[in-house]
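Residue numbers (the working numbering): 20 to 759.
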């Protein structure tokens with residue numbers, strides 16, 4: 020014991036480096052299995068590694084195992100037992116005496132501290148260099164791990180000091196009681212051993228405290244430099260974004276002042292493109308239909324550019340209106356309507372406090388404040404589907420059913436262009452609520468919507484145009500909150516019929532997803548497939564809305580499609596994005612290409628130069644402060660005389676929200692929802708009474724629509740029964756319920 024005490028480091032004052040106990044040898048018993056139990060092994064501790072051998076002679080050639088101590092957990096058990104856990108494996112060791120066990124424990128703890136200090140020593144030499152974002156994250160994680168390890172060391176040393184101090188105190192008390200007895204010499208020896216262990220543990224505690232302080236100070240300097248670097252980068256990005264915004268505004272202003280010069284530039288660039296002799300290749304997405312489009316040779320390009328893609332002498336630029344009038348001239352014929360609404364107030368609200376109890380529930384049944392709404396109802400949002408009605412006007416004049424299909428498909432895509440920035444929720448319509456949109460003077464159509472069901476929420480829509488088409492749809496919204504995003508799944512079919520030919524088209528809608536509900540900036544995506552079917556000629560157009568992927572090389576919001584005739588032969592390739600434009604390219608030849616992904620062959624389509632089908636209108640000035648409404652959306656809630664008392668324009672909560680009075684709007688919204696619940700309970704009571712009396716049950720009947728089985732899809736939907744516009748002409752709204 021005297022040799023052991025002399026070999027131990029002598030106590031020093033704080034701040035003086037102590038000798039490191041990272042080399043030690045000795046016998047310990049190691050647990051092997053239940054048959055052999057504990058077996059005697061020779062253990063060697065060196066450079067943070069604890070190795071063991073069957074005998075001392077094996078040290079030169081056969082090591083039975085090695086335990087790294089840097090990430091190991093070292094615990095003291097009962098009756099001279101040690102437990103070392105590393106990487107999910109546990110080592111049970113036993114010493115011959117308590118003193119030997121305590122000495123091994125202190126030595127192993129100090130070796131662990133030294134091993135961690137050696138691992139992170141290289142980090143201390145880089146204080147003067149500002150790390151990048153990824154390096155800073157890695158260094159911070161390493162520093163936190165080191166500090167946590169140091170805290171574990173301090174906690175272990177604290178426990179050992181307490182245990183050894185208590186044992187030393189007991190020995191001193193026993194020594195006082197045995198003063199003058201024969202056993203005094205043995206007790207004195209025990210006291211000396213425990214005092215030596217206490218001194219060793221105290222030195223380890225001092226070293227651990229100093230190491231923790233050094234690591235904390237060095238990491239503090241590094242974190243300060245990293246924070247300063249991040250602040251400088253953020254300031255630089257903010258300045259750059261501000262400059263880009265100014266340049267963008269300048270370009271928009273210049274384009275509005277002199278649009279002809281930009282149009283001429285586009286025409287020149289188009290002529291240069293058409294004179295290019297090289298073929299251009301466009302790869303389809305892996306999940307899209309397996310095809311590749313290739314532009315035809317020069318002679319095909321020139322002939323394609325000189326001929327019209329539309330029958331009836333319509334120009335090749337499909338964005339021109341009838342009679343060849345441009346959009347600017349057509350706009351002059353339209354009735355002047357409002358072009359702005361009050362700016363959206365900057366009210367903050369914790370979304371998670373409201374949504375955390377709504378995961379998995381139907382959003383239509385959740386009471387939400389107007390802070391998450393936009394000042395339009397779902398009926399008005401449904402009416403926005405006909406914003407690009409001129410596509411259907413041109414389609415009505417087509418003699419070719421395939422060219423007509425291209426325009427109808429582009430129209431089905433255009434209805435999503437207004438949603439790219441519209442992440443707010445429209446108002447849920449009340450049962451019996453209606454909305455009319457009369458645009459006979461400007462666009463030749465008028466539209467009527469009605470909320471025909473409340474649970475599940477369903478709306479019916481009917482549009483009639485003087486320019487040769489009728490559109491109707493019955494849409495049920497199924498929406499779910501998934502924690503990080505909201506999925507909105509419209510269920511139902513959209514029907515379109517052209518008056519002159521009787522051609523009938525049917526298609527459905529894709530799923531809309533609002534991401535980053537809890538953390539981050541909200542953004543919306545459209546994904547899924549649309550099959551536009553001509554039920555008369557059996558022509559089809561399969562459109563694929565590709566979901567956004569961070570790892571995809573394709574443009575975001577991409578839409579691709581193929582137009583096929585009734586026999587399955589492809590005639591047109593459609594491509595573009597649902598938030599900007601759609602183009603059509605006529606197929607002149609097709610062949611089987613090389614193998615694609617998973618060994619599948621791709622069809623190579625040779626096409627003429629693409630023609631523009633549809634392009635999105637630019638947003639109005641200051642749209643970011645007006646809920647990102649389009650020019651049409653700004654006029655939807657404009658007060659208008661002669662509409663039905665159930666019209667969405669009459670909703671008090673929606674009207675107050677548009678005016679910026681959100682607190683008052685919330686009060687009115689709660690009142691309307693409570694009245695609707697009371698009305699629903701009243702109808703349920705009446706139905707139960709009718710059942711008890713054996714009478715026919717009273718079922719809610721919409722005012723302007725009737726339930727009917729569609730002859731084409733064989734689905735039950737709501738069809739316009741007529742009478743609304745006649746009632747408006749007479750100004751007879753006596754049949755309308757009071758819902759507001």
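Glycine residues also receive a C-beta, built at the ideal position from the N, C-alpha and C atoms.
Quantities reported herein were computed from a predicted structural model and do not represent experimental measurements.
Exercise for review: Note down, in chain order, each residue of its chain lying with its Cβ closer than 8 Å to the Cβ of residue 519, except the 5 sequence neighbours on either side.
Suggested key: As a first step, residue 519 must be located in the chain shown, where it is residue number 500. The answer, listed in chain order, is 415, 487.
Point to revise | Beta-carbon contacts of residue 490 that lie in its chain and below 6 Å, excluding the five residues immediately before and after | key: For the purposes of this step, residue 490 is taken as the residue at position 471 of the chain shown. Cβ within range, chain order: 482, 515.
Point to revise | the region 636-655 contacting the region 413-432, beta-carbon criterion three pairs below 8 Å | key: No: fewer than three Cβ pairs fall under 8 Å.
Check your understanding: Out of curiosity, what's the CA-to-CA distance linking residue 578 and residue 235?
Key -> Translated into the one-based positions of the chain shown, residue 578 becomes position 559. Translated into the one-based positions of the chain shown, residue 235 becomes position 216. C-alpha separation (whole angstroms): 54 Å.
Practice item. Indicate the three-state DSSP secondary structure (helix, strand or coil) for residue 487 in the structure shown. Key: Here the question's residue 487 lines up with position 468 in the chain shown. In the displayed model, residue 487 falls within coil according to three-state DSSP, outside both helix and strand.
Practice item. Scan the region 673-744 and note each continuous alpha helix (DSSP H) run of 4 residues or more that stays entirely inside, going in chain order. Key: Within the region 673-744, the complete alpha helix (DSSP H) runs of at least 4 residues are 681-711.
Practice item. Just tell me which of 474, 455, 478, 678 has its CA closest to the CA of residue 397. Key: As a first step, residue 397 must be located in the chain shown, where it is residue number 378. Nearest of 474, 455, 478, 678 to residue 397, Cα basis: 478.
Practice item. Please check the pair residue 217 and residue 173, which I expect to be a contact at CB under 8 Å, by giving their CB distance rounded to whole angstroms. Key: Residue mapping note: residue 217 aligns to position 198 of the chain shown, counting from 1. Residue mapping note: residue 173 aligns to position 154 of the chain shown, counting from 1. Incorrect: roughly 17 Å between the Cβ atoms, too far for contact.
Exercise for review: Give the straight-line distance between the Cα atoms of residue 724 and residue 737, rounded to the nearest whole angstrom.
Suggested key: To locate residue 724, count along the chain shown from 1; it is residue 705. To locate residue 737, count along the chain shown from 1; it is residue 718. The alpha-carbon atoms of residue 724 and residue 737 are separated by roughly 6 Å.
Check your understanding: Can you give the Cα-Cα distance for residue 467 and residue 506, rounded to whole angstroms?
Key -> Within the chain shown, the letter at position 448 stands for residue 467. Within the chain shown, the letter at position 487 stands for residue 506. Cα atoms of residue 467 and residue 506: separation of roughly 27 Å, rounded to the nearest angstrom.
Check your understanding: Where do the ends of the alpha helix (DSSP H) carrying residue 771 lie?
Key -> Outside the displayed range of the chain (20 to 759) lies residue 771, so it cannot be described from this structure.
Check your understanding: Touching or not, the region 565-580 and the region 404-411, by the rule of three or more beta carbon pairs under 8 Å?
Key -> Counting C-beta pairs closer than 8 Å gives fewer than three between the region 565-580 and the region 404-411, which falls short of the contact rule.
Review point. Hey, would you say residue 359 sits closer than 8 Å to residue 656, going by beta carbons?
Key: Taking the first residue of the chain shown as 1, we reach residue 359 at position 340. Taking the first residue of the chain shown as 1, we reach residue 656 at position 637. Result no, Cβ atoms of residue 359 and residue 656 do not sit closer than 8 Å.
Check your understanding: Is residue 759 closer than 8 Å to residue 670 when the C-beta atoms are compared?
Key -> The residue you call residue 670 lines up with position 651 of the chain shown. The residue you call residue 759 lines up with position 740 of the chain shown. For residue 670 and residue 759, yes; Cβs fall inside 8 Å.
Check your understanding: Closest by CA to residue 627, which one among 270, 742, 313?
Key -> Against the chain shown, residue 627 aligns to sequence position 608. Closest option to residue 627, Cα to Cα, is 313.
**Study point:** Collapsed DSSP secondary structure at residue 242 in the structure displayed
**Key:** In the chain shown, the residue the question calls residue 242 occupies position 223. Note: residue 242 maps to helix in three-state DSSP.
Check your understanding: For the candidate residues 462, 362, 102, whose alpha-carbon lies nearest to that of residue 91?
Key -> Here residue 91 is taken as the residue at index 72 of the chain shown, counted from 1. Cα-wise, what sits closest to residue 91 is 102.
Check your understanding: Ends of the beta strand (DSSP E) at residue 584?
Key -> Counting from 1 along the chain shown, the entry for residue 584 is found at position 565. Run containing residue 584: none; DSSP gives neither H nor E here.
Review point. What is the rounded straight-line gap between the Cα of residue 434 and the Cα of residue 689?
Key: Locating residue 434 in the chain shown gives position 415, where the first residue counts as 1. Locating residue 689 in the chain shown gives position 670, where the first residue counts as 1. Their backbone Cα atoms lie some 31 Å apart in a straight line.
**Study point:** Supposed close pair residue 645, residue 389 - CB separation, criterion 8 Å
**Key:** Within the chain shown, the letter at position 626 stands for residue 645. Within the chain shown, the letter at position 370 stands for residue 389. Actually they are not in contact, since the Cβ atoms of residue 645 and residue 389 sit about 16 Å apart, beyond 8 Å.
**Study point:** residue 524 versus residue 365 - alpha carbon distance
**Key:** Numbered from 1 along the chain shown, position 505 holds the residue referred to as residue 524. Numbered from 1 along the chain shown, position 346 holds the residue referred to as residue 365. Straight-line Cα distance between these residues: approximately 44 Å.
Check your understanding: In the structure shown, what three-state DSSP assignment does residue 746 receive?
Key -> Looking up residue 746 in the chain shown gives position 727. Under the three-state reduction of DSSP, residue 746 is assigned to helix.
Review point. Under a three-way DSSP split, which group does residue 534 fall into?
Key: Within the chain shown, numbered from 1, the residue matching residue 534 stands at position 515. Residue 534: strand per DSSP, three-state reduction.
Review point. What do you get for residue 601, buried or exposed, if any count of 16 or more other CB atoms within 10 angstroms of its CB means buried?
Key: Here residue 601 corresponds to residue number 582 of the chain shown, with the count starting at 1. Buried: at least 16 other Cβ atoms inside 10 Å.
**Study point:** Option nearest residue 438 by Cα separation, candidates 547, 739, 403
**Key:** Within the chain shown, residue 438 is the residue found at index 419, counting from 1. Check the Cα spacing between residue 438 and each of 547, 739, 403: the tightest is with 403.
Review point. Quick one: what's residue 94 bridged to in DSSP?
Key: Sequence index remark: in the chain shown, residue 94 carries index 75 (1-based). Bridge pairing for residue 94: 102 [DSSP].
Check your understanding: Where do the ends of the alpha helix (DSSP H) carrying residue 470 lie?
Key -> On the chain shown, position 451 is the one that residue 470 refers to. Counting along the chain, residue 470 sits inside no alpha helix (DSSP H); it lies in the beta strand (DSSP E) bounded by residues 464-472.
Check your understanding: Alpha carbon to alpha carbon, what distance is there between residue 539 and residue 304?
Key -> Mapped onto the chain shown, residue 304 falls at position 285. Mapped onto the chain shown, residue 539 falls at position 520. Here the model assigns residue 304 a pLDDT of 39, short of 50, so the residue's position is not dependable and the matter cannot be decided.
Check your understanding: Can you give the Cα-Cα distance for residue 431 and residue 245, rounded to whole angstroms?
Key -> Numbered from its first residue, the chain shown carries residue 431 at position 412. Numbered from its first residue, the chain shown carries residue 245 at position 226. Answer to the nearest angstrom: the Cα atoms are 50 Å apart.
Check your understanding: Which partner residues of residue 110 appear in the DSSP bridge assignment?
Key -> Along the chain shown, read from residue 1 onward, the residue named residue 110 stands at position 91. DSSP, once it has assigned bridges, lists 103 as partnering residue 110.
**Study point:** Beta bridge counterpart(s) of residue 479 as assigned by DSSP
**Key:** Walking along the chain shown from the start, residue 479 turns up at place 460. In the DSSP secondary-structure assignment, residue 479 is bridged to 469, 493.
Review point. Contact check, residue 71 vs residue 60 under 8 Å by CB: the rounded distance?
Key: As a working note, residue 71 is residue 52 in the chain shown. As a working note, residue 60 is residue 41 in the chain shown. Yes, they are in contact, since the Cβ atoms of residue 71 and residue 60 sit about 4 Å apart, within 8 Å.
Practice item. Spell out the partners DSSP gives residue 87 in its beta bridges. Key: In the chain shown, counting from the first residue as 1, residue 87 sits at position 68. Note: residue 87 sits in a beta bridge opposite 68.
Practice item. Could you check the C-alpha separation between residue 746 and residue 752 for me, to the nearest Å? Key: By 1-based counting over the chain shown, the position of residue 746 is 727. By 1-based counting over the chain shown, the position of residue 752 is 733. The straight-line gap from Cα to Cα measures roughly 7 Å.
**Study point:** Residue burial classification, residue 531 (beta-carbon count within 10 angstroms, cutoff 16)
**Key:** Your numbering for residue 531 matches position 512 in the chain shown. With 16 or more Cβ atoms within 10 Å of its Cβ, residue 531 is classed as buried.
Point to revise | Own chain partners of residue 485 with C-beta closer than 6 Å, once the 5 adjacent residues on each side are dropped | key: If you number the chain shown from 1, residue 485 lands on position 466. Hits under 6 Å: 463.
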